[in-house]
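There are 2 protein chains.
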Amino acid sequence: MNRAQRAQLALLLEVAGTPKPGNVDRRREYSDLRFEHFLAGAVGAYDGLTMAVGGSRLGTAFERAVSGMAEQDGGNTQFGALLLLMPLVKAATDAELTATAASRVAAETTVADAADFYRAFEHVDVAVGDPPSDLAELDVRRGAAAIPAIESRGLSLYDVMAASASRDGIAREWVGGFERSFDAASRLGAAVGPVPARAADVFLELLAAEPDPFVAIQHDEATAREVSKEARAALDGEIDPESLAADFVAREINPGTTADLIAGGLFIALERGVIRV
Amino acid sequence: MNRAQRAQLALLLEVAGTPKPGNVDRRREYSDLRFEHFLAGAVGAYDGLTMAVGGSRLGTAFERAVSGMAEQDGGNTQFGALLLLMPLVKAATDAELTATAASRVAAETTVADAADFYRAFEHVDVAVGDPPSDLAELDVRRGAAAIPAIESRGLSLYDVMAASASRDGIAREWVGGFERSFDAASRLGAAVGPVPARAADVFLELLAAEPDPFVAIQHDEATAREVSKEARAALDGEIDPESLAADFVAREINPGTTADLIAGGLFIALERGVIRV
Numbered sequence: 001m002n003r004a005q006r007a008q009l010a011l012l013l014e015v016a017g018t019p020k021p022g023n024v025d026r027r028r029e030y031s032d033l034r035f036e037h038f039l040a041g042a043v044g045a046y047d048g049l050t051m052a053v054g055g056s057r058l059g060t061a062f063e064r065a066v067s068g069m070a071e072q073d074g075g076n077t078q079f080g081a082l083l084l085l086m087p088l089v090k091a092a093t094d095a096e097l098t099a100t101a102a103s104r105v106a107a108e109t110t111v112a113d114a115a116d117f118y119r120a121f122e123h124v125d126v127a128v129g130d131p132p133s134d135l136a137e138l139d140v141r142r143g144a145a146a147i148p149a150i151e152s153r154g155l156s157l158y159d160v161m162a163a164s165a166s167r168d169g170i171a172r173e174w175v176g177g178f179e180r181s182f183d184a185a186s187r188l189g190a191a192v193g194p195v196p197a198r199a200a201d202v203f204l205e206l207l208a209a210e211p212d213p214f215v216a217i218q219h220d221e222a223t224a225r226e227v228s229k230e231a232r233a234a235l236d237g238e239i240d241p242e243s244l245a246a247d248f249v250a251r252e253i254n255p256g257t258t259a260d261l262i263a264g265g266l267f268i269a270l271e272r273g274v275i276r277v
Numbered sequence: 278m279n280r281a282q283r284a285q286l287a288l289l290l291e292v293a294g295t296p297k298p299g300n301v302d303r304r305r306e307y308s309d310l311r312f313e314h315f316l317a318g319a320v321g322a323y324d325g326l327t328m329a330v331g332g333s334r335l336g337t338a339f340e341r342a343v344s345g346m347a348e349q350d351g352g353n354t355q356f357g358a359l360l361l362l363m364p365l366v367k368a369a370t371d372a373e374l375t376a377t378a379a380s381r382v383a384a385e386t387t388v389a390d391a392a393d394f395y396r397a398f399e400h401v402d403v404a405v406g407d408p409p410s411d412l413a414e415l416d417v418r419r420g421a422a423a424i425p426a427i428e429s430r431g432l433s434l435y436d437v438m439a440a441s442a443s444r445d446g447i448a449r450e451w452v453g454g455f456e457r458s459f460d461a462a463s464r465l466g467a468a469v470g471p472v473p474a475r476a477a478d479v480f481l482e483l484l485a486a487e488p489d490p491f492v493a494i495q496h497d498e499a500t501a502r503e504v505s506k507e508a509r510a511a512l513d514g515e516i517d518p519e520s521l522a523a524d525f526v527a528r529e530i531n532p533g534t535t536a537d538l539i540a541g542g543l544f545i546a547l548e549r550g551v552i553r554v
């Protein structure tokens, strides 16, 4: 299995972990966003992941991965996970898979990578928060229409991530040394049992440790904090994780960023050989 | 998504369908053969599937697919499905995806393809039935050791399949015009609902229609016939398919050939566009 395939397997193992309260997993899904959309998303993302391993520019590889991922009817399945995987895959290929090397890959992205990133939003609708009003012309939802503004300001993809790190959990990884992804990998390696069960356990741990930024966007900060408390209660045995999963689905609470971090952690753990399937 | 990716997606959708009584699916697994082994098997099979699309000899592509599939700890996950997919993938690439074209691909296999097929058994333990005593030196469980006997007899892979068609359901497809695979594809196209649900429904239909050869090998012909009757009862609403699934797992009844036929049918149906994800 090559590196791009390990990244693909990380996407598949992430969605196989159950219960991951609030997210699509192999036992829970939404009528319009189902388990098989994630399978097809992982299959379709492969060419872009291969490009990242093959030395393509990060932005080019990312846009290709998203375009392939989007060839299914469920909409956005793994946009955030792929954005997190790209610097990890490139670091593993160019240097070694460390937080320092991944941060260097992130820091070395260019304006062209930023343009590709904006183009990727043309392939799929991604739920994101509103940017501050002074950054409205950089709103990712403008897609390719925002590229002239990016270019005239000379913003690299790293700059774009830095500008949204306060709202977006993946951007925070990019500018914060990929701390939570590597933490997830360590936890996955230290956990016991089959890999999908570990993924589910570590998902709850990460969710309990920090409010999910996507829940904050979807609902509000208070809900995101409440969700973290509920995850803590599930870890402490006060709530059955299966009940919590059903409850989150009913309340449309989707801690999607935490799921993305699990995908990143799974890739690191597979790459380092601390988990195996 | 390219053709090899559609074949890979067919493998993933097959195992996502639930309940598929007696087989690993996303809700049921065995302690040593789990859902994630099938995910990793599908990821690992991709290079061999790509070789089949790229014009490699069928045997070469098959051996590569099996070798990649086997890079996980669960053992044999998709050997039979890959053996069924290979002539279908090559027919779609070289001509068109019809039963006639697939049968021509099968008929045109060579002694070298047969040797590759035997080599594939070196990568993974596959449960097969005993050959007739006069064919003992061709027993696939001998792996590469049987190749001199294959070569001295000048047997093509098609000849090998023809010799085991009475016991093996995939061999029967190879020499019988891939009738059940194309039937499965039609049924999948005609069914309603999400693709994994269709796969589960058509699995029961195929199992009810014909005893599973793998169950006959694993247990005996009488058990295989009984299993078909129980599948019929589930289709008729007399048995809850979920109970039947739990019951088959407890009795270690694995209608694996029927699952392989579903994978073949899913590929044909994806290729023809009669199902989509």
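As they're listed, the protein sequences go chains A and B.
With this note's numbering applied, the first sequence covers 1 to 277.
With this note's numbering applied, the second sequence covers 278 to 554.
Every residue gets a Cβ at the ideal spot worked out from N, C-alpha and C, and that includes glycine.
- Shown here, B/T386 sits in coil according to DSSP, grouped into three states, outside any helix or strand.
- For B/P518, the closest Cβ of chain A is not nearer than 7 Å.
- For A/S152, the enclosing alpha helix (DSSP H) stretches over residues I147 to R153.
- With a cut-off of 8 Å on Cβ pairs, the region 463–473 of chain B is not in contact with the region 434–452 of chain B, counting fewer than three such pairs.
- Cβ proximity to chain B below 7 Å picks out Q8, L9, L12, L13, A16, R26, R27, R34, F35, E36, H37, L39 and A40 from the region 6–40 of chain A.
- In this structure, the beta-carbon distance from A/G129 to A/R167 falls below 7 Å.
- Rounded to whole angstroms, A/V89 and A/G80 show a C-alpha spacing of 14 Å.
- An exposed status is given to A/Y30, since fewer than 16 other beta-carbon atoms sit within 10 Å of its beta-carbon.
- Contacts with chain B at 7 Å (Cβ-Cβ) include A/E71.
- Two segments are said to touch when three or more pairs of C-beta atoms, one from each, lie closer than 8 Å; by this definition the region 449–456 of chain B does not touch the region 409–420 of chain B.
- When secondary structure is reduced to three states using DSSP, A/L244 falls in the helix class.
- Under the three-state reduction of DSSP, B/V469 is assigned to coil, being neither helix nor strand.
- In this structure A/V192 is exposed. Its beta-carbon is surrounded by fewer than 16 other beta-carbon atoms within 10 angstroms.
- Annotation for B/F491: G533 and T534 place their beta carbon closer than 6 Å to its own, counting only its chain and skipping 5 residues before and after.
- Along the region 322–352 of chain B, the positions whose C-beta sits under 9 Å from a C-beta of chain A are Y323, D324, G345, E348, Q349, D350 and G351, read in chain order.
- B/V401 has a beta carbon lying at 7 Å or more from every beta carbon in chain A.
- Neighbours of A/R276 across chain B, judged by C-beta separation under 7 Å: D350.
- Against chain B, the beta carbon of A/V43 has neighbours under 8 Å at M278, Q282, Q285, L286 and L289, listed in chain order.
- Only P194, V195 and P196 from the region 187–202 of chain A bring a Cβ to less than 7 Å from some Cβ of chain B.
- Between A/D116 and A/E63, the C-beta spacing is below 7 Å.
- Counting only runs of 4 or more residues that sit fully inside the region 29–55 of chain A, the alpha helix (DSSP H) segments are 35–53, in chain order.
- Under the three-state reduction of DSSP, A/G59 is assigned to helix.
- Annotated three-state conformation of B/T295 is coil, per DSSP.
- Note that the C-beta distance between B/L543 and B/E385 is not below 7 Å.
- A/G75 sits in coil when the DSSP states are folded into three classes, being neither helix nor strand.
- Approximately 21 Å separates the beta-carbon atoms of A/P196 and A/A4; this is outside 8 Å, ruling out the contact.
- Close CB contacts of A/Q8 within its chain, under the 7 Å cut and outside five residues either way in sequence, are with A42, A45, Y46 and L49 (chain order).
- Short of 6 Å from the beta carbon of A/R119, and not among the five residues preceding or following it, lie these beta carbons of its own chain, in chain order: E63 and A144.
- When B/M278, B/L289, B/L288 and B/T295 are compared, the shortest CA-CA separation from B/L521 is found for B/T295.
- Annotation for A/R251: no residue places its beta carbon closer than 7 Å to its own, counting only its chain and skipping 5 residues before and after.
- Across the structure, B/A369 and A/A190 are spaced so that their CA atoms are roughly 46 Å apart.
- Inter-segment contact for the region 221–234 of chain A and the region 202–213 of chain A is present: three or more beta-carbon pairs are separated by less than 8 Å.
- A/V249 has its alpha-carbon roughly 13 Å from the corresponding atom of A/D32.
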